[in-house]
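Chemist:
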Amino acid sequence: MQFFKYSIPIAALVGTLAWIMLSNSYGEVPWDTRVWITFGAAALSGLLAFFLFRKEKEEKIDKKK
Numbered sequence: 061m062q063f064f065k066y067s068i069p070i071a072a073l074v075g076t077l078a079w080i081m082l083s084n085s086y087g088e089v090p091w092d093t094r095v096w097i098t099f100g101a102a103a104l105s106g107l108l109a110f111f112l113f114r115k116e117k118e119e120k121i122d123k124k125k
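In my numbering, the protein residues as written are 61 to 125.
#1: Go ahead and pull the three-state DSSP assignment for Val89.
#2: Whose C-beta lies closer than 6 Å to the C-beta of Ala101 among residues of the same chain, with five residues either side of it excluded?
#3: Is it the case that the Cβ atoms of Ser83 and Phe110 are separated by a distance below 8 Å?
#4: With H, G and I counted as helix, E and B as strand and the rest as coil, what does DSSP make of Phe99?
#5: How would you call Thr98, buried or exposed, if buried means at least 16 neighbouring beta carbons within 10 angstroms?
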């Protein structure tokens, strides 16, 4: 569930910003290449967010004895 909490919104935000930046600043880039760059940026940022924002297993262990 932690994956959906951070990774998906970050990936969507990065994908949207990448598409806007490619459309405005790099209009000569073909449409299909823009799609691949945007998809790659969103996937990479989502993957990085998944690893950076995950909870460690030590935090989930109950320390009651």
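Built from N, CA and C at the ideal position, the CB exists for glycine as well.
Modeler: If we stick to the structure as given:
#1: Look at Val89 here: in three-state DSSP terms it is coil, with no helix or strand label.
#2: Answer for Ala101: Val74, Ala78, listed in chain order.
#3: No, the Cβ-Cβ distance between Ser83 and Phe110 is not below 8 Å.
#4: Correct three-state label for Phe99: helix.
#5: When all chains shown are included, Thr98 counts as buried.
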